[in-house]
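Numbering (the working numbering), first residue to last: 102 to 281.
1. Which full runs of the beta strand (DSSP E) of 3+ residues lie inside the segment 144 to 194, going along the chain?
2. Alpha carbon to alpha carbon, how far is residue 234 from residue 162?
3. What is the DSSP secondary structure of residue 229, reduced to helix, strand or coil?
4. Examine the Cβ distances between the segment 243 to 261 and the segment 116 to 135 and report whether three or more of them are shorter than 8 Å.
5. Check residue 267 in the structure and name its three-state DSSP category.
6. Can residue 251 and residue 265 be called in contact, C-beta distance under 8 Å?
7. Let me check understanding here. Comparing Cα to Cα, which of 131, 228, 158 and 213 lies closest to residue 282?
8. Please report the distance separating the alpha-carbon of residue 146 from that of residue 175.
9. Run through the DSSP bridge pairs and tell me what residue 118 is partnered with.
10. Apart from the five residues on each side of it in sequence, which residues of its chain come closer than 8 Å, Cβ to Cβ, to residue 125?
11. If residue 151 sits next to residue 243, beta carbons under 8 Å apart, how far is it from one beta carbon to the other, in whole angstroms?
12. Which stretch, first to last residue, makes up the alpha helix (DSSP H) that contains residue 213?
13. Beta carbon of residue 178, beta carbon of residue 192: below 8 Å?
14. Out of 254, 256, 255 and 279, which one is the CA nearest neighbour of residue 262?
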């Protein structure tokens, strides 16, 4: 039986931040030739999206409404981790508890791969639980200096590069698997 993979597929700055201070995405490229590849992966590769509370709430600035699922145009079932007093529904599940337990259960279910879209603390907890299968970084050509780190927590995270691609707008796509 094929086990679903969890893929942390996220935009980052050159210096390893997934957002600037206060959750700002200023300087990140939201258009360009990397975008069709990314949107294609949402349709082709994933059927479930995982995100932390802050990542979910960051969508409010882009018109998302509290309680509504994100990425509905791609048919993705949402799992939002953290304290949010919102009702779950068919397309969105709010989980205030053990993220690793929920993710382990999702990996056992049939389906496409699972997209971890953010944030860094959730990503680190999934990595520490041995549930993260791949890291795909869309490295934006910007140095932020401080903000929300790619991975929360402490300690080294050894990764092995499996693919690298460069787009003409300066975005680099780096695909890693946890080193063994």
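A virtual CB, placed ideally from N, CA and C, is assigned to each residue, including glycine. In this text, all values refer to a predicted model and were calculated from it rather than measured experimentally.
Based on what the coordinates show:
1. Taking only runs of at least 3 residues, the beta strand (DSSP E) segments lying wholly in the segment 144 to 194 are 147 to 153 and 178 to 182.
2. Within the chain shown, numbered from 1, the residue matching residue 234 stands at position 133. Within the chain shown, numbered from 1, the residue matching residue 162 stands at position 61. Going by the C-alpha atoms only, they are around 30 Å apart.
3. Sequence index remark: in the chain shown, residue 229 carries index 128 (1-based). Here residue 229 carries a helix assignment [DSSP, helix/strand/coil].
4. Yes, the segment 243 to 261 is in contact with the segment 116 to 135.
5. Within the chain shown, the letter at position 166 stands for residue 267. In the structure shown, residue 267 sits in a strand (DSSP, three-state: E or B).
6. Start at 1 with the first residue of the chain shown, and residue 251 comes out as number 150. Start at 1 with the first residue of the chain shown, and residue 265 comes out as number 164. No, these two residues do not count as a Cβ contact at 8 Å.
7. The requested residue 282 does not occur in the structure, where the chain is confined to residues 102 to 281.
8. Residue 146 sits at position 45 when you count from the first residue of the chain shown. Residue 175 sits at position 74 when you count from the first residue of the chain shown. Taking the straight line from one Cα to the other gives about 11 Å.
9. For this step, residue 118 is matched to residue 17 along the chain shown. In the DSSP secondary-structure assignment, residue 118 is bridged to 250.
10. By one-based count along the chain shown, residue 125 stands at place 24. For residue 125, same chain residues with a beta-carbon under 8 Å away, outside a window of 5 residues either side, are 248 in chain order.
11. Within the chain shown, residue 151 is the residue found at index 50, counting from 1. Within the chain shown, residue 243 is the residue found at index 142, counting from 1. The Cβ separation is near 25 Å, so there is no contact.
12. Numbered from its first residue, the chain shown carries residue 213 at position 112. Note, residue 213: premise wrong, no alpha helix (DSSP H); not H, not E.
13. Here residue 178 refers to the residue found at position 77 when the chain shown is read from its first residue. Here residue 192 refers to the residue found at position 91 when the chain shown is read from its first residue. Closer than 8 Å, so yes.
14. Looking up residue 262 in the chain shown gives position 161. Closest option to residue 262, Cα to Cα, is 279.
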